[in-house]
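A.B. asks: This is the structure I want to talk about, given as structure tokens.
2 protein chains.
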Amino acid sequence: MEEWTVKVEQSDNKKEKPDTEQLEFGRSFTDHMFVMDYSEPVGWHDARIVPYQPLTIEPSAMAFHYGQSVFEGMKAYHAQNGDIQLFRPDKNLARLNHSNDRLCIPPIDEEFVLKAIKQLVYMDKEWIPKAEGTSLYIRPFIISTEPYLGVAPSHHYKLIVILSPVGAYYKEGINPVKIAVENHYVRAVKGGTGEAKTGGNYASSLKAQEVVGKQGYSQVLWLDGVEKKYIEEVGSMNVFFKINGEVVTPALNGSILSGITRDSVIEMLKYWDIPVSERRISMEELYQAYLDGQLEEAFGTGTAAVISPIGELAWEGKKIHVNEGEIGNVAKRLYDTMSGIQYGKVEDPFGWIVKVKEAAPVK
Amino acid sequence: MEEWTVKVEQSDNKKEKPDTEQLEFGRSFTDHMFVMDYSEPVGWHDARIVPYQPLTIEPSAMAFHYGQSVFEGMKAYHAQNGDIQLFRPDKNLARLNHSNDRLCIPPIDEEFVLKAIKQLVYMDKEWIPKAEGTSLYIRPFIISTEPYLGVAPSHHYKLIVILSPVGAYYKEGINPVKIAVENHYVRAVKGGTGEAKTGGNYASSLKAQEVVGKQGYSQVLWLDGVEKKYIEEVGSMNVFFKINGEVVTPALNGSILSGITRDSVIEMLKYWDIPVSERRISMEELYQAYLDGQLEEAFGTGTAAVISPIGELAWEGKKIHVNEGEIGNVAKRLYDTMSGIQYGKVEDPFGWIVKVKEAAPVK
Chain A
1 MEEWTVKVEQ
11 SDNKKEKPDT
21 EQLEFGRSFT
31 DHMFVMDYSE
41 PVGWHDARIV
51 PYQPLTIEPS
61 AMAFHYGQSV
71 FEGMKAYHAQ
81 NGDIQLFRPD
91 KNLARLNHSN
101 DRLCIPPIDE
111 EFVLKAIKQL
121 VYMDKEWIPK
131 AEGTSLYIRP
141 FIISTEPYLG
151 VAPSHHYKLI
161 VILSPVGAYY
171 KEGINPVKIA
181 VENHYVRAVK
191 GGTGEAKTGG
201 NYASSLKAQE
211 VVGKQGYSQV
221 LWLDGVEKKY
231 IEEVGSMNVF
241 FKINGEVVTP
251 ALNGSILSGI
261 TRDSVIEMLK
271 YWDIPVSERR
281 ISMEELYQAY
291 LDGQLEEAFG
301 TGTAAVISPI
311 GELAWEGKKI
321 HVNEGEIGNV
331 AKRLYDTMSG
341 IQYGKVEDPF
351 GWIVKVKEAA
361 PVK
Chain B
1 MEEWTVKVEQ
11 SDNKKEKPDT
21 EQLEFGRSFT
31 DHMFVMDYSE
41 PVGWHDARIV
51 PYQPLTIEPS
61 AMAFHYGQSV
71 FEGMKAYHAQ
81 NGDIQLFRPD
91 KNLARLNHSN
101 DRLCIPPIDE
111 EFVLKAIKQL
121 VYMDKEWIPK
131 AEGTSLYIRP
141 FIISTEPYLG
151 VAPSHHYKLI
161 VILSPVGAYY
171 KEGINPVKIA
181 VENHYVRAVK
191 GGTGEAKTGG
201 NYASSLKAQE
211 VVGKQGYSQV
221 LWLDGVEKKY
231 IEEVGSMNVF
241 FKINGEVVTP
251 ALNGSILSGI
261 TRDSVIEMLK
271 YWDIPVSERR
281 ISMEELYQAY
291 LDGQLEEAFG
301 TGTAAVISPI
311 GELAWEGKKI
321 HVNEGEIGNV
331 AKRLYDTMSG
341 IQYGKVEDPF
351 GWIVKVKEAA
361 PVK
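Residue numbers (UniProt numbering), protein chains in the order written: chain A, 1 to 363; chain B, 1 to 363.
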């Protein structure tokens, strides 16, 4: 890309903002979006902020047929002092490139795209809701657009960033959820795409979710695809357990997504001198810890919920009750600190916060 | 769907047809396409044939984010006697519904969609090329279109059928290909989506293909995702081996696509009283058969190539040479008979051919 400039076309038809009280996740979108095209041999080009609008795209575009699509999810927070804050956005863009590599999508310039995202967020800053727990969800995604039905990497792509004001994840306080351990369906396997953030991973997870949803569970706990013994993720989150004073999370093994909240939790626990380890952990071990009275906490981690405590796990006809269905002390402290940092209520000793300020247009 | 009618809007801007000699796969498309929408609670509705045109679709449409997309591939052949022939299209539509089920997409009415496809093919029949080995590729696909970023099955879909005239797969005669056995990347695993025809499966296959392509191989041979021992597929085809007089293909195990050419090959071999078995087969067994001089043939099967003979397999530093790099007798007989049936040169004792004729509009 020769010209590191973002062209801006202002929307002259500003939409009405949704009622903050009624905000759902991912239903309404702001006035603008960022778009950049890729074609060969030019590379990424024509970076632009334009009014939010439908795409015009060929029915033969490869994204519709061969699933070459990757995405990221992060948030802009309205801080207590009025600042606009992002949380470790560099990590998201690094992961986007990791996903790109797995799906043969050409890499983006992470620094440039971050600048463009900041410019976009600043332009639509009136859309960042201010109520407790609300935020502006940022969704960068890349789709293959070449009008061609051959099974091969596309030669044309679009990177698009859209923004959506979202309500508080925990409107009625944090209530631990009931989870079913999945023994039939598999999310991912080593050598597959589990560690990339690609559309196909989410499509393949829907069925299991549908099945357990009907049985009254919020999510599934995914086991490894090889032996169906070892714990991988929960729903679309990473998962942690506190066993006999130590916090344990499955080690990244090639099929687990490298979550940014996961990484932040590990760093924070180390900072607090709370023992934490990334290792393989089986359901058998977890169940034994429960029987021994050593399973103290269980929680998922992700951008949407930050921390999502697990109150009950159903596994092969057995039930595991965690901390009497209450959020645990470590989970609570992690949630309060992490969201405190995000909303500027708590000091950030990690250097995770990136401020969005008015700046000269990206060059 | 209350009203089983296909509305027709004729294109008044007919495109120039590509030169038959220059035809590539999946690059040019005909004058019309079939579209049908799904929304709740209406179900599938508004079936229509319209001029081939770009889609207008929200950037938040779920297909771009969570990979809820499935497809099929089949062909219309211009038979020797001038008939237009389809090959087992009912199987494709049944498999489309199987894929739908895996990805939580509502089922289509297979009979109705087949009628609509026939009507579309008949309308664009001038696009079916007539030269040896050419055909009209038919691509039905379904995408999720709800403008929503929640990870859940979409409430809105589009089924689209597009048509593409395609050249002969074997322009310069059938030359067996060199295949690399894939030991790192995995196409699918039991409990995943391998047996569904979903975009994500193809996206995940690109990287391995790219790696071996640089080493001079045409495709990869996929092993099972659990033990990386057992043979599953070759490239985007099913795979067969003739070992000591018996034709063997991996049994459908939950991670292998149930190919229609695969099924037809099995039926045809049975009809000819050639021993055929569907079972688990390991690379170890295959290599031993090769050392013992019993590996007589190897070939892939799929809609595009029909039969694609394998001349060489590279596995863990070892080379397996098959039939001195020539197509084997069984592969040749299968190819000639199968394509003979498709082009109406050979009698069809199986009832596989479905004729496309002018008919009253679908009701």
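The beta-carbon is built from N, C-alpha and C at its ideal position, and this holds for glycine as well.
Just list the beta strand (DSSP E) runs in the segment 182 to 212 of chain A, keeping only unbroken ones of 3 residues or longer that don't cross its boundaries, in chain order.
C.D. replies: Segments of the beta strand (DSSP E) lying fully in the segment 182 to 212 of chain A: there are none.
A.B. asks: Note down the Cα distance separating V177 (chain B) from K332 (chain A), rounded to an integer number of angstroms.
C.D. replies: If you take the alpha carbons of V177 (chain B) and K332 (chain A), they lie about 59 Å apart.
A.B. asks: At the 8 Å Cβ level, is Y38 (chain B) part of the contact set with chain A, yes or no?
C.D. replies: Answer no: the Cβ-Cβ gap between Y38 (chain B) and chain A never drops below 8 Å.
A.B. asks: Got a sec: does the ligand ZN put a non-hydrogen atom nearer than 7 Å to the Cβ of V346 (chain A)?
C.D. replies: Only the bare structure without any ligand can be found here, which leaves the ligand ZN out of the picture.
A.B. asks: Just verifying my parser: in three-state terms, what is the DSSP assignment at T56 (chain B)?
C.D. replies: In this structure, T56 (chain B) counts as strand in the three-state DSSP scheme.
A.B. asks: Relative to the C-alpha of V330 (chain A), which residue among A:L163, A:E358, A:K345, A:N244 is closest?
C.D. replies: Ranking A:L163, A:E358, A:K345, A:N244 by Cα distance to V330 (chain A) puts A:N244 first.
A.B. asks: How would you write the range of the alpha helix (DSSP H) that G300 (chain A) sits in, first residue to last?
C.D. replies: That residue, G300 (chain A), is in no alpha helix (DSSP H); its beta strand (DSSP E) goes 295 to 302.
A.B. asks: What does DSSP give as the partner residue(s) for P140 (chain A) in the beta ladder?
C.D. replies: Note: P140 (chain A) sits in a beta bridge opposite A:V161.
A.B. asks: Less than 6 Å between C-beta atoms, sequence neighbours within five positions excluded: which residues of the same chain meet that for K14 (chain A)?
C.D. replies: D31, listed in sequence order.
A.B. asks: Is the number of C-beta pairs between the segment 190 to 210 of chain B and the segment 156 to 175 of chain B that are closer than 8 Å three or more?
C.D. replies: As far as the Cβ criterion goes, the segment 190 to 210 of chain B does not touch the segment 156 to 175 of chain B, which means the pair count is below three.
A.B. asks: Considering only the alpha carbon of each residue, which of A:P59, A:S60, A:K207, A:F350 lies closest to G235 (chain A)?
C.D. replies: Ranking A:P59, A:S60, A:K207, A:F350 by Cα distance to G235 (chain A) puts A:K207 first.
A.B. asks: Thinking just about the alpha-carbon of each residue, which of B:V70, B:F34, B:I179 is nearest to the one in M123 (chain B)?
C.D. replies: That would be B:F34, whose Cα lies nearest to the Cα of M123 (chain B).
A.B. asks: Who does I327 (chain A) pair with in a DSSP beta bridge?
C.D. replies: For I327 (chain A), which the question treats as bridged, DSSP gives no partner whatsoever.
A.B. asks: For my contact list, Q68 (chain B) and M62 (chain B) are in at a C-beta cut-off of 8 Å; report their separation, rounded to the angstrom.
C.D. replies: Right, the Cβ-Cβ distance comes to about 6 Å (below 8 Å), so this counts as a contact.
A.B. asks: Check the Cβ of Y77 (chain A) against every Cβ in chain B and list those closer than 8 Å, keeping chain order.
C.D. replies: None at all; the shortest Cβ gap to chain B is about 18 Å.
A.B. asks: Against R27 (chain A), what residues of chain B qualify as contacts under a CB-to-CB distance less than 7 Å, listed in chain order?
C.D. replies: Within 7 Å Cβ-Cβ: Y148.
A.B. asks: What separation, rounded to the nearest whole angstrom, lies between the Cα atoms of H156 (chain B) and S135 (chain B)?
C.D. replies: Whole-angstrom Cα-Cα distance: 32 Å.
A.B. asks: Taking only the alpha-carbon atoms, compute the straight-line gap between F240 (chain A) and H184 (chain A) and give it to the nearest angstrom.
C.D. replies: Looking at the two C-alpha atoms, the distance is approximately 22 Å.
A.B. asks: Below 7 Å CB to CB, which residues in the same chain sit around F350 (chain A) once its five sequence neighbours on both sides are set aside?
C.D. replies: These residues qualify, in order along the chain: E267.
A.B. asks: CB Y38 (chain A) to CB P147 (chain A), shorter than 8 Å?
C.D. replies: No; because the gap between Cβ atoms is not below 8 Å, this pair is not in contact.
A.B. asks: Grab the span of the alpha helix (DSSP H) containing V121 (chain B) for me, first residue to last.
C.D. replies: First-last of the alpha helix (DSSP H) with V121 (chain B): 110 to 123.
A.B. asks: Which same chain residues, not among the five before or five after M1 (chain B), have their C-beta less than 6 Å away from its C-beta?
C.D. replies: Confidence at M1 (chain B) is low in this model, with a pLDDT of 44, below 50, so its placement is unreliable and the value that follows should be read with caution. Closer than 6 Å at the Cβ level, and outside the excluded window around M1 (chain B), lie G43, W44, H45.
A.B. asks: Taking DSSP as the reference, what is the three-state secondary structure of E3 (chain A)?
C.D. replies: Low local confidence applies: a pLDDT of 49 at E3 (chain A) is under 50, so the model's placement there is unreliable, with the coordinate-based value given in what follows. Looking at E3 (chain A) - three-state DSSP - the assignment turns out to be coil, as it is neither helix nor strand.
A.B. asks: What are the boundary residues of the alpha helix (DSSP H) that S277 (chain B) is part of?
C.D. replies: Per DSSP, S277 (chain B) belongs to no alpha helix (DSSP H); it is in the beta strand (DSSP E), 276 to 279.
A.B. asks: Using DSSP bridges, identify the partner residues of N100 (chain B).
C.D. replies: Note: N100 (chain B) sits in no beta bridge, so no partner.
A.B. asks: Write down the C-beta distance between Y137 (chain A) and K75 (chain A) rounded to the nearest angstrom, noting that I regard them as a contact closer than 8 Å.
C.D. replies: Contact flag correct, Cβ pair sits at about 6 Å.
A.B. asks: With respect to the beta strand (DSSP E) encompassing D273 (chain B), which residues constitute its N-terminal and C-terminal limits?
C.D. replies: Looking at the DSSP string, D273 (chain B) is not in any beta strand (DSSP E), and its letter there is neither H nor E.
A.B. asks: In chain order, what residues of the same chain lie with their CB nearer than 6 Å to the CB of L221 (chain B), ignoring the 5 residues before and after it?
C.D. replies: The answer, listed in chain order, is I179, V181, V234.
A.B. asks: Across the segment 76 to 86 of chain B and the segment 115 to 122 of chain B, are there enough close Cβ pairs to call them in contact, namely three or more that are closer than 8 Å?
C.D. replies: Output reads yes: the segment 115 to 122 of chain B touches the segment 76 to 86 of chain B.
A.B. asks: Starting from the C-beta of R279 (chain B), find all residues in its chain whose C-beta is less than 7 Å away, skip the five residues before and the five after it, and write them out in chain order.
C.D. replies: So the list reads V248, A251, once near-sequence residues are dropped.
A.B. asks: What does T134 (chain A) reach in chain B if we use C-beta pairs closer than 7 Å?
C.D. replies: Those do not exist, as T134 (chain A) stays about 15 Å from chain B at its closest Cβ, beyond 7 Å.
A.B. asks: How would you write the range of the alpha helix (DSSP H) that A289 (chain A) sits in, first residue to last?
C.D. replies: Looking at the DSSP string, the run of the alpha helix (DSSP H) that includes A289 (chain A) is 283 to 291.
A.B. asks: With a threshold of 8 Å between beta carbons, is residue 364 (chain A) in contact with chain B?
C.D. replies: Outside the displayed range of chain A (1 to 363) lies residue 364 (chain A), so it cannot be described from this structure.
A.B. asks: So which residues on chain A does Q68 (chain B) lean against when the C-beta distance must stay under 9 Å?
C.D. replies: Ordered by position in chain A, the residues that pass the 9 Å Cβ test against Q68 (chain B) are G199, Y202, A203, L206.
A.B. asks: Does the Cβ-Cβ distance between V265 (chain A) and L223 (chain A) come in under 8 Å?
C.D. replies: Not closer than 8 Å, so no.
A.B. asks: Going along chain B in order, which residues have a C-beta closer than 7 Å to the C-beta of H184 (chain A)?
C.D. replies: Those within 7 Å of H184 (chain A) in chain B are G191.
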